[in-house]
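Participant: Got a structure for you, written out below as structure tokens; questions coming shortly.
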Amino acid sequence: MVTEQGTAAATAPAERHEVIIIGAGVCGIYMLHSLLQMGVDARVLEAGSGPGGTWYWNRYPGARFDSESYSYGYSFDEEILQEWNWSEHFAAQPETLRYLNFVVDKLDLRACMQFDCRVVSATFEDSENLWTLTLDDGRTFACTFLLTAIGMLSAATPPRIEGRERFRGQSFHTYYWPHEPVELAGKRVAVIGTGATGVQVIAEIADKVGVLTVYQRRPNWCAPLNNAPITPEEMDDIRARYPEFFEQMSKTPGSFLHGPDYRAFDEVSEEERTAFWNALYRSPGFGVWLGNFRDVLVEEEPNRIYSAFIADRIRERVDDPEVAEKLIPKDHGFGTRRVPMETRYYEAYNRDNVHLVDVNGTPIECITEKGIRTSDQEREFDIIIYATGFDAITGAFDRIEFTGLEGRTLAEKWQDGPITYLGLATAGFPNLLTLAGPQGASVSSNFPPNIEVGVRWAAGLIGYLREHGLTRIEVLPEAEEAWVADIMQSYEGALLTSTRSWFTGYNSNVEGHDKLRYMIYLGGAPAYRERLADVAGHDYEGFKVS
Ligand code: NAP
């Protein structure tokens with residue numbers, strides 16, 4: 042018999058904290074540190090078995106930064122900056138994971154992180170002003186403030202192709218690449234998907250596998266990463282120049298080291314323009330995308346001419362003209378989707394063991410026990426790699442059942458796309474801060490610098506509430522409406538927003554994600570920072586505190 046007392050004990054939260062942060066990635070790590078510094082009782086719950094978030098999960102061959110390593114690391118701690126050595130201008134995943142573990146240990150955060158904790162639901166108890174969290178193993182936690190640091194690309198979406206479970210070889214989504222080594226030598230390998238992830242995998246494994254067959258639906262405009270090792274002397278120089286780098290990043294719209302050249306493309310002669318574009322193509326990192334003339338990404342004609350320039354570079358690099366044409370996007374202009382950065386990606390298609398299947402011509406019908414059947418033939422494989430992307434930005438929220446006031450769920454509220462105030466909170470869900478969430482600046486920029494901005498703002502808010510003896514904060518519906526209206530307005534006429542990609546909320550593998558969603562803040566990081574500072578400076582206007 043279960044007594045009334047016994048029932049209560051069985052359902053009582055096992056642990057209660059002032060703040061719980063979900064996620065121990067780049068965002069959760071810094072958020073936890075900031076709160077502990079303030080003396081807040083804070084804990085992180087993390088689904089993985091260690092910290093690192095995206096860099097913990099994505100262990101596929103070729104996974105590496107597309108932002109300069111030293112522009113991706115945290116800026117907030119001088120000792121970390123001085124002690125850590127990056128080995129490459131664009132570090133590979135194992136190094137980034139080591140870095141994040143180094144930070145966790147340096148700041149002594151591990152004791153306040155609980156791993157293997159997958160949160161499945163979070164319910165706000167209005168009368169108690171308390172969030173109750175349930176894990177997939179039934180454990181429960183409670184907190185006054187709930188902070189999500191759950192990543193924008195953490196809900197992996199395998200393709201909706203019939204028969205995936207039938208395949209007898211090895212198969213995995215890139216996000217869940219096995220932790221133990223995968224034997225590739227001599228294997229017949231298929232990769233489905235040619236986004237930033239697929240492009241990295243393909244380029245990395247082309248010369249390591251027996252046969253590689255790439256199934257491409259829509260090609261992307263890819264450009265050379267131009268990575269290089271960092272010598273000890275260079276690292277000394279980088280260390281000395283951190284303040285200069287952070288200052289530079291603070292001025293660019295995306296908080297990258299690369300910002301637009303404020304000339305219009307037709308302000309210079311054709312020769313000068315071509316020389317400039319060639320230099321960008323040879324330069325390291327995102328300059329080729331974000332360091333361009335100011336109108337190339339926003340106006341059709343300059344974008345068309347630049348796209349033609351990049352198409353010629355692809356033609357130069359791919360031996361077979363028919364294959365080259367298949368690899369050149371025809372449905373969108375350069376840079377209107379995320380540009381995958383690559384190292385000898387196009388050259389992979391010059392190898393005899395690499396084959397490109399255009400699934401528009403011969404659609405995939407199903408996965409079989411032995412491989413993949415397209416409309417014209419079945420090909421047999423030992424390994425199938427799904428590089429098919431993510432239910433981006435809101436997918437991680439949809440995978441936790443958040444229930445706010447009056448029993449309303451976040452999934453219901455965001456059914457047609459996210460609705461937020463500042464990308465950091467949403468009406469009807471008191472004391473929930475959606476760090477690095479939809480409609481904020483971090484999702485449309487170099488992630489860490491703007492994570493730092495959001496984290497500092499959230500820490501400031503919690504400090505403010507504590508200082509004033511307050512325990513509750515709620516978004517005012519009118520503030521949220523105005524924020525969403527601004528976001529929607531910023532989408533008008535932008536080339537980026539007329540292109541289907543995860544930026545704009547499309548994903549063929551998620552039911553209903555076949556129309557534009559207002560996912561990201563397009564106003565640029567400097568304006569976003571100003572707005573956050575302004576809101577904080579006006580006693581958190583747009584929120585009701587009590
Ligand atoms: P993605 O850009 O969404 O690409 C997914 C790919 O899978 C696309 O080529 C898509 O084709 C294809 N696909 C999906 N379903 C398919 C199906 N049923 N049949 C055939 N093809 C299918 O995803 P991602 O490559 O994982 O990249 C997501 C984001 O992660 C990137 O944009 C980037 O922000 C981030 N990322 C960053 C780094 C880095 O920092 N270095 C590296 C990798 C990824 P369609 O285009 O036709 O939909």
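587 is the number that our numbering gives the last residue of the sequence shown; the numbers go up by one with no jumps. Even glycine gets a Cβ: it sits at the ideal position worked out from N, Cα and C.
1) The alpha helix (DSSP H) with GLY239 in it runs from where to where?
2) Need the endpoints of the alpha helix (DSSP H) that ARG572 sits in, please.
3) Please report how far the alpha carbon of ARG84 lies from the alpha carbon of ARG57, in whole angstroms.
4) Could you give the uninterrupted runs of the beta strand (DSSP E) lying entirely in the segment 410 to 457, keeping only those of 3 residues or more?
5) Name, in chain order, the residues that DSSP records as bridge partners for SER162.
6) Candidates ARG229, HIS554, ILE426, ILE346: which alpha carbon is nearest ARG420's?
7) Taking DSSP's pairing of strands, which residues face HIS231 in a bridge?
8) Compute the minimum distance between the beta carbon of ASP107 and the heavy atoms of ligand 1, and state whether it is under 8 Å.
9) For the alpha helix (DSSP H) containing ASP278, list its first residue and its last residue.
10) Can you give me the C-alpha to C-alpha distance between ASP307 and GLY332, rounded to a whole angstrom?
11) What residue does the beta strand (DSSP E) around PHE182 start on, and which one ends it?
12) Taking 8 Å as the cut-off, is the C-beta of SER485 nearer than that to any heavy atom in ligand 1?
13) Looking only at C-alpha atoms, which of THR215, SER112, LEU86 sits nearest to ILE424?
14) Would SER323 pass as a contact of ASN267 if the rule is Cβ separation under 9 Å?
15) Return yes when the C-beta of PHE431 is under 8 Å from any heavy atom of ligand 1, and no when it is not.
16) Return the CA-CA distance between SER291 and GLY69, expressed in angstroms with no decimal places.
17) Out of GLU342, ALA365, PRO343, which one is the CA nearest neighbour of ASP353?
18) Mind checking whether the beta-carbon of VAL240 lies closer than 8 Å to any heavy atom of ligand 1?
19) Under 8 Å, with one C-beta from each stretch per pair, do the segment 489 to 504 and the segment 329 to 346 reach the 3-pair mark?
20) Among the candidates ALA526, LEU253, ARG558, whose CA atom is the shortest distance from the CA of PHE422?
21) Could you compute how far the alpha carbon of LEU188 sits from the alpha carbon of THR377?
22) List the residues that DSSP assigns as beta-bridge partners of HIS214.
23) With a Cβ-Cβ cutoff of 9 Å, do LEU573 and MET72 count as a contact?
24) Just tell me which of TYR532, GLY192, THR512, ARG513 has its CA closest to the CA of PHE94.
25) Taking its Cβ as the centre, do 16 or more other Cβ atoms sit within 10 Å of HIS74, making it buried, or is it exposed?
26) Comparing C-alpha positions only, which one of ASP360, TRP524, ASN550 sits nearest to GLU203?
27) I need the DSSP call for GLU109, collapsed to helix, strand or coil.
28) Taking the C-alpha atoms as reference points, what is the distance between PRO381 and VAL586?
29) What are the boundary residues of the beta strand (DSSP E) that includes HIS396?
30) Bridge partners for THR475 per DSSP, in chain order?
31) Take GLU136 and list the residues in its own chain whose beta-carbon comes closer than 7 Å to its own, dropping the five residues that flank it on each side.
32) Tell me which residue opens and which closes the alpha helix (DSSP H) that GLU342 is part of.
33) Tell me, which residues are paired with LYS585 by DSSP?
34) Based on the DSSP output, what are the partners of TYR462 in its beta bridges?
Facilitator: Reading off the structure:
1) 237 to 246
2) 566 to 578
3) 9 Å
4) 412 to 415, 419 to 421, 424 to 427, 442 to 444
5) THR175, GLU442
6) ARG229
7) Note on residue identity: the sequence assigns Ala, not His, to residue 231. Partner(s): THR254, ILE425.
8) yes
9) 273 to 292
10) 16 Å
11) 181 to 189
12) no
13) THR215
14) The residue you asked about is not Ser; residue 323 is Arg in the sequence shown. In this structure, ASN267 lies closer than 9 Å to ARG323 by Cβ.
15) yes
16) 22 Å
17) ALA365
18) yes
19) no
20) LEU253
21) 31 Å
22) TYR427
23) no
24) In the sequence under discussion, the amino acid at residue 94 is Gly, which differs from the Phe named in the question. Comparing Cα positions, the closest option is GLY192.
25) buried
26) ASN550
27) coil
28) 43 Å
29) 395 to 399
30) THR189
31) SER128
32) 341 to 358
33) GLU515
34) ALA466
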